[in-house]
Structures are given as structure tokens and as C-alpha cells.
Ligand SMILES: Cc1ncc(COP(=O)(O)O)c(C=O)c1O
Ligand SMILES: Cc1ncc(COP(=O)(O)O)c(C=O)c1O
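Protein chains in written order, with my numbering: chain A, 1435 to 1955; chain F, 1435 to 1955; chain P, 122 to 585; chain V, 122 to 585.
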């Protein structure tokens, strides 16, 4: 702000930005702020207008308002709308992102999750006045049990990792009840990071079992590790390489023989919907990621939902309360006899559960099987298609995802998995998962999902081919995104976790009126 | 699409695009189509499944389905979402666009216009079952009359131009009733194009009155043109230069003296809300553009709403039916005695009217006056601010908008108004209105509106300064928009009004399956 | 007071100071004192009565208070399950799927300006181009504009176009055309000076006058420039378009067909049957009933008439780098350039509704449109048969119907509508005298067998 | 069947052919035959019973059928005017303005993935950076993460952080902390092995044990690593945070404060009163009641603990051209890199809810947050006074309250809640035994004087 507005705090600068110019930066809310500006508006209540001092004892009353931001409705709408123009999303394009099942999220589910009869219910509403919610939750749990072949389920865990930990606590409670003090949980070397982290938080030690050269759990190595100290094993099937563990029945028998339990990490459930069920494979505990398999949108990192279903013998330990249909047709809450206790403030991520429920209603048995079929079709087609241009470490029939690698390309031209990922961003695709699973060198883990058309897959394959064939400049990619390659190291080295923590540069002087809040608290 | 999918119609290509890459083209729906693909889904009705031949006489039944498009829900969501990333809008930035009042559209009005109790009502619902709608419309008409100082109003006209024509037909009916056969309507040379076009459609001849050197109607010239053949005059006040016609009372007297009527083009009403009223100035007929003054969003060109309010003597001629409150408090429809008839299929753009109503409720008398004050403040501030860098042909106190010109810059460096407009797009602002009003050379007509902050105005002024100071390359602007400067001449010369009308190029061969529909109808 | 003006008091003061002013009031010095309103609530005001005049409406409300007020009004309309809709007459209760609502209502579409700067408006322009393409495919004529206000205004513009094209100011308009639309045509004819001759129906379809009389009279102005017919017509009946085409040929008139875009999923396209201009109401695609608006005027015509096309037209072109781009074209037809010589005064149109229509059409697609039409036709037949089984209910006409039908009741139709509302049904539209006493009933794909059965049972009770 | 798979049959066939397969079933050849489900509906199935197993749920429904089913369920919950909300206990009926709903629910935020590729995720990242900044300003400690699941999980993570930081596995948790949260803390303590010592209230505020006992025992593991207190606490009472800080200092423990972000608009920030870790439930900002989720775990802590911070953290940095950019940082703390040594297993969090919170906080801003807190406090006082005027209603505690209050009724609280529901009120939460029999009542800015008066009148009737 120059002379004409001298005297007015030089806030903001622009409320206009340049969304269509691609690579402009967007000022922060704090730079857009101008003290005294506001957007709020409250209803008329006709209550007495007691002032703060009449309501709060002096020793508790803050002397100045907490500094937050000062923006007009117009400016904050423009600000956040412009931010959305700097953000990739499923609704804009494909996310061939392994392990994450970034499928299209049907709009009908958005509607389901915004019905006032669902969004308006306080979680402490007595059961007889929330029959719709209880029915929805009970029926969802029932359907999830049928899908996974299990007996009963809790919907409380708000994400997959929370489900894992819940499962491990169920394992612990079950062993404890029988007076067993077990200390170890086995996980494959291809497992997702949440698995070992959950094992630790569940109070167990992680024992890693290696994969064999076919990409599956090495059955002999597993047998070696099984003893009376093993509480159980955590597996995904198909595993994180997208391969089906064909020996699953043998593994189950072996684990059960030493008195251990089998935990199913449901992140890859999309591949087997209507095809096979963890319960039939011998699993005792299953978590599902509704935000993967059942189309709850990822929301930029959450919320998701991670229900846990169990076999009959583990049902009494489930977290509660659980919604249950009484003989009279009324739904009520029930606390399982030997419940491990609550794992969520209330009943889980209820609206995410409602979304998943509507998705299951819409797809049904026939639709869910179609999901699995096409998810697997797409991934196998891509494996065939990419074989000529990338290494395919485990080139045999896969399920819903595949792992390719740039090992040869790296040798030939220095092209690394990360470079491919960044180049793909330029091509208008989100990057695959890179460097995971850890057991594959220069891994690119690709899960096309069933909602991407063959034309999209072909475009992806062509883009990957192009990148492999002309690696020059890949280190400088991406060049056409809202920002170029981001300096991640600097972020960690010189931590700026809030706007107030920024070192005040000369150009920031203008914004000093909203500066470091420490003096104000 | 290459070999792998040989045999499959080579539809689409990409459903992924590259929204964040800025300057990629987006395929049309037709290119994304793949025959057999679909998104539709209808409810279960349990009706007999008669086939078409049982329902439609053979001579009427089309032999093949009408070709439309064949896209999946996923692809069409992605397609249209990507299109929004190629589109500027108020929610992304400022539109300093003269005459158009592109203000921020409060989100609370979106909510108002999506209430199921409003959206779900069939327009033929009997009045006693649509009391909410009738009350809303009646109260809106009443408030608009109070705002404009008129007696009664019709809400039927769906846009400003429709309001103009309605007004002219009212004029005609009023004169006809008195047995007067008048043939001419006077408009100033600064008038908007819809004014003369409406005059013609109203069955009158346009007589133009020039502006004087202060930018206002030349009163003497007006007097010269007034005779017994004049049905009336159409004016805006403030006029399209943003200047208040100070002689309005004299003009009104003069027109009335020859038996003519005064029509107020309400496009500029934003400037005078709560400050003065057309009724007090002597106007007989007023149209309002609710999509300008009352924050109905422009929707990319519409819908708007163009209610017409009139003085008492013209009320019997209004289009009907009109909503009216009976003595018993019940609302009912009433047809004015000498109504000119309907001007809309039903009751006008009802949801747009509901939006405007909620906007008026939210602002109220105090808020509307504030709107005018700040709209005028912003425009005057900009005039002062831009004086040094642009010609200001009428450099005196203006109202809500101002006209600047590049006449001097054109002489100095060849910079034309259009070049400035295109350069501004690069700066992240929408362009002002250019080459209008016609009476100003190289006109840039700027209406900041009250919802743009002083910081935004300052940024606009700086951008305009920059452009004026470094005109080089302006002819090639804009370079950073989703497409560069568009060849408008070619579009007219080589008309391609539909995808089917495209000359089939080699690269289109792939898309031939959806080609020229003529053979199919 | 609303919260939509961002300026703080300090900022206002600084801005005033920059201009050498000391108060906001000074900004209005140009407004003659006698015209100025007082601020505040004293006096009488309102309509210019005694006392210091002021803006005589209440002060502003907070957002939740406005919401409460709007919800209160909305609650006073019977809709949805309270009043199950069997009314049509140009406005139909079709499904609008979540996809259409959520995509078309994105704020870039909603808050964009008219696409006069194509470089930053490719989103709206391409959506309109796709809309035009789909509409042309559906109507079977080559050119479609980017929307008019509603079905009625499209009809007016068609008559105007035909008059300009033929140089004849008379239009023959079938009484099978929606009566509200005909009202509007008549209203505007008062300005344009067109003569509108309404032509009666016989057993539900138009009985055109003897062409010999018209052509022999010698008075060219009496000879129509337009023959306007609706297909299916207001009573749901299927008119003989080929016959109308022959008639138009004999008269040297243009054939204007008001079509139903849903029924078009099963019927021959008006273009294939010889229409020169096709108009219609686009509401059935993507727009809720909305008490009548905003709706969408569909307008398309043969290529020969493109220079007389009312409203905006989007065309494909390229940018400076040869990339495909879209732009509004043939702008010289429009009012902002041609002024008093423009063929139409349309400026603001219904773009957003056209975008909704485009998304909905894409959602339906080739197969869905046919399925929709089929489902409407099935429901219509089922309902018609159910009603005709009731004692005292008779068909108004014998001609085949598709999407709507009319019956004669043993009680006045207005009374039946009134009583049916108590039973929870919007029974239809009571027909005006010109059609004989009757009830016009529409059945969309949303109506289930149970609902139709319940409707019939209620009607049985009501007419007893 | 759902309509979300785009492939046509022809495309599927072509893809299979490319791979040399002839049916989709062949894709599952890797699944042992004995594990495969049958397709169709024969047999028993469901839970693995006799007969060929198949996926035993109904086939898919159309969109409108799903909508009807969901609406049917939604209609079976009493909400809004049917059951006016006076319940709180960690979930509050605050206004969510149109702006917040419409902006935060834009599909780029909703359908984005976790921002692991910062170049295409600046939208989410910047929104989170702004969220972190506002949360740090509000809590008065320097670091805020990008969200945890809910208030309870934030509390668990705080206890874990304190244990790791102090090397002590005991936590003293005030009974003023939300009982559901304490439940969750206990559940997870079974895995982590932490010992949770619950500390009683006295007249509504925590009466901490004698520090001498704890410190003198010599057994360091008995000494708490965390002192956890809620402010205002579950009964709405204002705890003595300065006292808790002194206690923590004496014990060498971290002070964990569970704060109410709305009340924080009037109260000293927890940071200014000495909190090391501040946790809370973010639902009051921008998230509807939603039957309990998704909500938002607020988590912030002093800079010293940043390397033990659970969950994601966004930091500012630059891109290759020096432009400001945001990225998730200190990722080495996280499970995907540290695996079994990670301080937390959180992966998917509540980002979208954090974005809603950021937009709502921006909407409130500095002045609005204070106003909101003030309005809640006014309503709370008004309601408390109105209830205490009723015969037989007594305060449960005498300590000053802010946003919520507890009363003792002459009838069991459960019964009062039950009966009040018939009167159209969700009267509050019946308190568990640990608090003595009572009713916990919350009043937000949405409750009007009339509503509170009506509530009091109904309660009078109900307890008579
Ligand atoms: C294989 C696997 N397991 C577990 C998880 C953890 O699930 P969440 O992110 O929902 O906590 C993921 C998520 O990425 C995963 O891919
Ligand atoms: C001065 C003036 N008059 C009339 C109109 C026509 O209004 P509408 O576009 O609503 O038909 C406009 C719109 O741009 C205008 O600016």
C-alpha cells in the first residue's frame, strides 16, 4: 500500500490475486487482515448484554482479545477459493497412488452426509430419539461384517491406524483374559508404517518376517518366528505389492497353532470385494479404511474411518457402546461384556460412516464385486502396458495395484522414482506412491482404482513412457505446478510452523500490526 | 489411444487433464465420450415396463436414440470441475467492470436460494399452499418500491433488458389508453445498447440526445427534441459515465410538460441506495437489475432479474398476476385492471428474487446506504488515484463508477483501451468495460463496487500504473491466462457453433464415432 | 447492517482524507439537496409522503436471523411429500442428481461475469459450446444459442425471427402452445406490431385454417411469416409436424416448433420433421421447480438464420498460439453493437441455467435421455389408465399423448385441485376455458406406482 | 449396481484381450478356489455358514433410491426445532455460517489426498499453515499440529508425549476432564502401559493430591509425567491453572491443559498460564454436531517438544525459484519413516475438519471470537439463573462457570432428559455418579431468550 492510504495499516495488499496466472503466490490470511475488519454475524437472542467482567472472574479474564485474523467475508471467500486453485484433487484428475485407493467419491454420498437429520444430531441424543442414526450404524456394521466375513464390528476407530491399535488392544485383552502374557507381533517387511507403530503403542514388540522372491510372506521364515511369545500377526492380503498371499490358509493355521491371532490390515480390501473374505481366510480381526475402499473422500488427509470387525470369540472385547437392534425392533446402545473401553470421544466419524453406508447401498453386492473386478483389471492391464518401459519386479498376476521400479532407468540415465513422480505432476497426474514398499528399490506403487477409465490409464502409461524415454530435466520438475520443487530440507532445518514464527524480513514490516503474538497472550 | 486398446473406440484420451498446469486445453465432453458409458440413475417405480413401441405411435418414434454424449459420472465431474479452473469469477478476484456492478455475492443468499421449501414449489401451486412464496414476492416488491420511491412493481421481467421492454410497453399502453399515438423515445448518446434495442422492440423510434461537455444530458438539446410525438425518455442516473444528472428535476418537468414519461434504467442504482430515489426525481417507470444492485450473482451471463416499479398512475397497466396481501392477511394473485399481460412464463426468476430478498433483509436501510456510500467512495478514490496515469475525461465528483481513457497513452505509445484490459487479466484482475460509453475515446469504465477493499483498489491502481508506464508487449497480452489472446475475427469468419460443425481434421478421425449428427436425426 | 463492505472506519477516513473530504456525506454533494433522503427513521416517508423522506425499510439483520426468516417463508409452501407433484404445463418435477447440483453450482460458474473476456472465461464458454452442441443434436437443427430467458421468451424471439426473415408480421400460433407462452407472445406483439392469430385445436391437435384463404387474400401481411406448433402440445398430444411443415411450405412461412426436450428422447427431432426454428423450456434438465424460475429458454434454428439469431452464440476458434479456444461470436447481431437495429434486446440471459442443463444432459447422455423419456411415458400411461378407470373421469381428447394428459372430471377442475391438495397432491393444472373444462396431469420419472395408485384413490374420493 | 465404474463392456473385453485373458474371473486365479465367493444369491452365506458362500448383502440401488433410504433414516432422528439442543459435554450446537460450509466443502479440499506432493497441494498446505497459526495464537503455545482425530485422541497423545518427555509413565488426570476422553485415555493406556491416576473434584474443581506423598515415595514411576486438567472443566468450572502449573513444577511433570476453544475467547490462554501441551475439541468451529464425528483433535505444545509432536506439521519454506511454499515437515517423527520407533501411529487425520476450523476461525476473527464467547457466557448465565429459580433445582457446585453448568434436580437426571425430550428439548447430559446426580446444561450463541425461557418452563413442568 503506498502513500494514498498512509495512516491505514498496510494490510493485505491484494484481495484479488491471479488464480488463472498459475504461479502467483497467495498471501496468507494474516497478510490480508486489516484490524477492525470482520465477517461474523450472530443471531438476535434478546439476552441481557452483560459485559465480560460480569461473567468472568477477573483473574481468568484475558485483557485483550485473542489475535486470530481480521478479514471480511469477501476477502476470506476469495482467499480460500484461490487456495483451491492451487490444489490437486480427485475431482480434477487421477491419483494413481498405491495403497491409498484414491477412487472417485460419488456425489450422492456428499448429499447423504449433509442431511440435516444426520448432521444436526447431538451425539448424546437418547437412543430412542436417534433411531435413524443407530439403525444406520448397526446396519453398516452388519454389512461390513458380511463383506469381510466377520461376526461383529466397532465403528469407533476414526482411521486405519486407530483401527490397528484397537485391534491390537483386542488381541491383548483376549490373551490377557486367558492369562497369556505374549510380547511379540509379527509383521512382514513390506508392511505399512502404521503397522509397526501401532504394534509399539499396543505394547508389543515388532518381529519382522521377510518376503520371498515372489513378493509374498516367506512361509518358512514365518514358521521360524512363531512361538508361544507371539500374540499374533498383522497382514494385508493382497499385500502392499498388490500380490495375493496364496498361502494364507497355511499361514493362518500356523499362527493359530501357536495360539496367535491374525490381524487383517484392510487397506487393500478394494481388491477382494465380493471375491473373497478375510474371515474365510482365517483372520480374527479386520480393520477397514472406509476412506479407501468405500469412497469416503480423503479430505486432504482425513477424516476417514477405520471400523474393526472381529470373529465371534473376540466380539465381547469390542469397544462400546455398540448400536444393536432389540427384539422389539428398537435400536439401543449395548456395552460388550468385556469391552476394552472407548476408542473415540463419541461414536466414531459418524458422517464418514454415513457416506460409506450410502456408497454400499448404491453399489450393493453386484456393484462391489464389479469394483474389485475392474480395480484388478486396471492394475493388471497397466502391468502389461508398462512392462516395456519400467522394471516390474514381481511380474505376475497382481491384484488392485502394482509396483514398478526405475532401477534400470536409474542406471541408464539417473532417473529416480522421485523424479518420475515430479514429472508426472507436470503431466497432470498425481504422483504414485514412491519408495514404498521399502523392499523394492526405487519403487513406484501404482493403484489405478476402478474409477479411472481405460483412456485415462492409457494416458498415464504414455506419460510414464515419455518420462522414461526422455529423462532430461526431470530433476528440475515440476515446472508447471503452482510452485516448483519445494525445498523440504530447508523446512525442517529452519522450522517455520506458524506465520508468527517467520523471521521478519524487510518486506514484512508492513504486516507488523499482526506480528508475534507472544506479547499479547 | 494406442494399440493396447485396439478395437475399442478411441474416445476421450484423458480424463485426467492438468488443471494446475495452467495452459492445457480441456477436451470436450464429446471427446471424453465412449459409447455405452453413462452416469444416469433413476428411482425404482415398479411401473409396468412397456417398451417404446407400446407408448409412442410408430410415425412419431425415433429409430435411434438422440446422440448427446456418453460420459461416466467420474469423467463428467472431472471435466466440469476442470472447466471451473479455466474460469475467472468474483469468488476468485475483483471485476472492476463498469455498469455491471460485479460485487461480492454473499453466501447467505446461496443458502436462501437453495431451501427446499422454495426450490420445490411448482409455479402453479395454488396460492393458499404457496403463502411463503407469495409473501416473499409481495414483500420484495414493496421494499423495492420503497427503495426507488415508486408505487407498485412487477417482478416478472427476468433481466434488465426485459424490464426495459416491459417499461416501454407500459408507456405505450398508458399513452394508448389516453388515445395518444406517440412514436419517439429519447435516449442519451451515452446509453447502454439495450436501451435503443428495447425502444425498437417497443415499437418506438429512438431519438438520441447528446451529452454536454460535463458528461450530462444537454438540457437545451433535450428541450429541442421534446414535442407531442415523444412518448418518453430513458435515462440512467447516475449516468453511464458515473455522473449524477444534476438537472434531473428540470428534465423531468420538461418531459412531463409535453406529456411524456420518464423511464429510469436502474443499472446504476447501487450508487444511490438510501441516498436518493428515482421516484423523488420525477421518474414514472424504473427497472432494477437485481443481479447488479442486489448481489444476485451473474452466473456467467445470467440469470438475473429485472423488476419494474411504477408510479401510481401506471400501476393498473403492470404485467400480472401480482402477489397481494388481502385484508385477512392471506396472500393471493391479482391481475391489474388494464394489465399489458404476462412478460414471463411464470412469476419471473423466482430464486433470483429470493436471493435479492435475503440480501435486502441482511443489509436493511442502514446497510444499503452503506453500500452506496462505499461504492461512491471507492470510485472517487480511484479517480483521484488514477489521475496521474490516465486521462480522466470528466474529472469531477463521480458516483459509483468512473471512465478513464488511454487517449494520451495511445498517442504516446500506441496503448489502447483493449490492450490495457488484456494486460490487466495478466495482473489477476478482470478487465474493466472497454469502449463504452461510446462517447468517450478509448474508454475504460471502472466500477470498483463497495465490496472491494482499499487494498484491492490500491493493487488495481498500481497494476494500471505499471501497464501505462511499460506498454511494451501489451499487444501480446494476456500471456498467463488459460488461453492467450483469442482470435475473435476467425470465430465469426469461420463459424463453428457446435462440436459437430468442426471441420474434421486428421486428428479428429479418432473421434469420428460421435461425428456429424445430421445423419442420425 | 450487512457485513459485505470490508472497509474499516480508519480506512474510510484515510481514503476521504486522500481526497480532501471529511465525511461520506460530502460524496453526495452532487445530488441536489431537495432529492436527498434523510438518514434514520424519523418522519413518514415511503412513497414520498410527508415528513423528512428516508429509506423506509427495516435495518439489516444478521445472517442467522435472515436464515430464520427465509426458512419461515420456505416452510409456508407445501412441497415434496406434503404436496406430491402431478402438475406440469411447462414446469416438471424431474430429478436433479447430486452431481449436477454440485458441479454446476461451483462458484466459478455462479459468480462469473458474462464471458466478454474469453481469455479468462474458457470455463463458461466451453460449457456453453457443449450445451449448444447437445441442444443442436437434440433439436436436429444446426445452430443453438447460449440461452434465452424461458420458453415463453424463446417463443417470442422465434416469432420475431420469422417475421424478420419473411418480412411478414403475422404469426399463426396453435392453441396447443402453452397458454402462458401465448400470453407473453401477445404482450410483446403490442410493441413489435406483430399480429398473432391463434388456431384452435380439434380433439387435441391443431386444425390449421385453409391455406387457400390466407394465400388468396393477396394481402401479404395477412399471410403468416410463422406457423407455431408445440410437440407434444400443451395437452400432451402428438401434433402432425409433417403436416405443419407442408402448411408452412404452402404459405412460405417458417415452421416454429416448441418442443419438449424430455419427450424428444423418444420422438423424431423437430429438425428432422422440418422445423426451421425450435424453441423450448429447458427447466426439465437440471433445474428444480423453483416456483417458475430461473428457467431456461431453449432456442435453435437452421444455419440460414444465424445472422438473425437472438442472444449470445459461442463459437470455437484459436488463440495466438493456435490452441483451441472459445469465444462469443457474431456479436454484431447484439444490442451492445447494433443498438436500435439489433434483432433482439437480450443481454443478461440464463447462462448458469444453461450450464446446469449441459451438466444434466451429459449426466443423462444418449442412453439416459431415452430412458428418461420412456419412464415418463410409462408413468403417464399408467396414470392415465388408472384415472380413466374411475367413475366419471373421461379423456378430454382421444389423440395419443406422451408426457402429459388431460381428463374431464365430474367436478370443476379447480375444485378437484383444491381438494386433492388436502390429500397431499398437487393434482395438476385446471385447464382454461379454451380447452374445455379439464385437468392437465403430468407424470415424471420420479412418480412411483404406489404414488400414482394413491393419487387415483384420492381422486376417486375427491370427485365422489 | 453403482454407476461409478466407467468401463463399457467393449472396453473390458479389449483390455482382457490385450492381456490374453478371456474373462474377469480369470483375474482372480491367484485366489485359492476354496476361498472364493460365489456370485449371485444362492446358498446361505453371511458369516461363513453352509451353502456356497457369496457376498450376502442386497444388490445396488439407484441414486434416488439411496437418497430416499438416507432421508428415511435422517427423518428418524430428532434434531433442530424438534429437539432444541441444550446438551454439550464436548459437542456444541454452534452456528456454521454459509461461508464456511460453502468454501471449506469445495471439492478440491474434500477430494484431495494427503499433501505428500507439495507442488500440487499448496491449497491444503497453506490452509493448514494458517490453521496452525491461529491455533497457536489461541492456545498461547508456539507449535500446533495439523490435527488429530478428536479431543480424546489429542488427550491420549498429550499423555504419551509427556511420558516420553519425562520418562515417567504415570499421569494425573483431573476428573474435571471429559469422562469420555478419560475412558479413551484408559483404553489406550492398556497398550502403552501408562498408569492413569484420576483426581477428584471438590466443589467443581480439582483437588490435587499432596505433592509431598508423590515426590517422597522415591518411586519415580509413581511420580506423574503429566498433570492433566480441563479449562473450563467438564462441569463448566474455571480451574486454577496457575495452581496446576505450580503443582506440575513441583512434580517435574508437564502441564497438559484440555481447553475449550470457544471459552478461550474470554479466558487467558492456557499457554500464558503455563501449559506445556494444550489439547481440545475443535468441533465448535465449523463442524455441525454430526452425531459425534468427524470432529477435530486440537493439539499444540511448546517448541521444546516439537520433535515429539504427534501427527502432521506444516512448515513454510521456498521452492526452487525462491517462492514461498508450504510442506509437511519434520516427517521423520512419523510412522511411515520411523515405523516402530514413531512417537505416534497417526496417518490419516482430520485435515478437512481442520480446514473447516480455519475458515470458521477466519470468519470469527479476533473480534468475533470474543463476541462468540461472550454470547455463550451470557446465555449460560441467563439459563443458569432461570433454572435456579425453579423449585427444587440447585447448583451442583458453587465455583464460577462459563460455557456450561450443572444443576441438581429433584428427579433423576435421566428421567428429566427423557421427559424434556417430549417437550422438544435435548435438556442436557445426565451426569454419571462420579459427579453426583445432576444435569449438565450447555448454552450456545444460538439459544435465544425465548428458547431458554421455554426450556425453564418445560423443566418446571417435568420436575414437578
Ligand atoms: C497398508 C495400509 N495400512 C494402514 C494404513 C493406515 O490407515 P489410516 O491412514 O487410515 O490411518 C494405510 C494408509 O495409508 C495403508 O495404506
Ligand atoms: C446501463 C445498463 N442498462 C441496461 C442493462 C441491461 O440489463 P440486463 O443485462 O440485465 O438485461 C445493463 C446491463 O449490462 C446496463 O449496464
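Backbone N, C-alpha and C define an ideal beta-carbon position, used for all residues, glycine too.
Cβ of residue i within 8 Å of any chain F Cβ
{"i": "residue 1512 of chain A", "result": "yes"}
{"i": "residue 1690 of chain A", "result": "no"}
{"i": "residue 351 of chain P", "result": "no"}
{"i": "residue 228 of chain V", "result": "yes"}
Chain-ordered chain P contacts of residue i [CB-CB under 7 Å]
{"i": "residue 216 of chain V", "result": "185"}
{"i": "residue 1566 of chain A", "result": "Near residue 1566 of chain A there are no residues of chain P at all, since even the closest Cβ is about 16 Å away, more than 7 Å."}
Beta carbon proximity, residue i to chain A, threshold 8 Å
{"i": "residue 565 of chain P", "result": "no"}
{"i": "residue 393 of chain P", "result": "no"}
{"i": "residue 516 of chain P", "result": "no"}
Chain F contact residues for residue i, given Cβ-Cβ distances below 8 Å
{"i": "residue 474 of chain P", "result": "1733, 1736 and 1737"}
C-beta neighbour in chain V for residue i, strict 8 Å
{"i": "residue 1807 of chain F", "result": "no"}
{"i": "residue 1478 of chain F", "result": "yes"}
{"i": "residue 1601 of chain A", "result": "no"}
Neighbouring residues, chain A, relative to residue i (Cβ below 9 Å)
{"i": "residue 271 of chain V", "result": "1592, 1778, 1779, 1780 and 1783"}
Cutoff 8 Å: residue i Cβ touching any chain P Cβ
{"i": "residue 1786 of chain A", "result": "no"}
{"i": "residue 1522 of chain F", "result": "yes"}
Simplified DSSP assignment, three categories, for residue i
{"i": "residue 316 of chain P", "result": "strand"}
{"i": "residue 1665 of chain A", "result": "strand"}
{"i": "residue 329 of chain P", "result": "coil"}
{"i": "residue 478 of chain V", "result": "helix"}
{"i": "residue 128 of chain P", "result": "coil"}
Contact set between residue i and chain B, taken where Cβ atoms lie within less than 8 Å
{"i": "residue 1473 of chain F", "result": "The structure shown contains no chain B; the protein chains it does contain are A, F, P and V."}
Contacts that residue i makes with chain V (C-beta to C-beta distance below 8 Å)
{"i": "residue 1886 of chain F", "result": "Here the premise fails: no neighbours, minimum Cβ distance about 17 Å."}
Cross-chain neighbours of residue i in chain F, by beta carbon under 7 Å
{"i": "residue 223 of chain V", "result": "1541 and 1544"}
{"i": "residue 1515 of chain A", "result": "1525 and 1526"}
Beta-carbon neighbours of residue i, restricted to chain A and to distances below 8 Å
{"i": "residue 420 of chain V", "result": "Simply none; closest approach about 12 Å."}
Integer Cβ distance of residue i from residue j, believed to fall under 8 Å
{"i": "residue 403 of chain V", "j": "residue 431 of chain V", "result": "Their Cβ separation, rounded to whole angstroms, is 15 Å, which puts residue 403 of chain V and residue 431 of chain V out of contact at 8 Å."}
Interfacial residues, the stretch 503–537 of chain P to chain F, with Cβ spacing under 7 Å: Taking 7 Å as the Cβ-Cβ cut-off against chain F, the residues of the stretch 503–537 of chain P that qualify are 503, 521 and 523.
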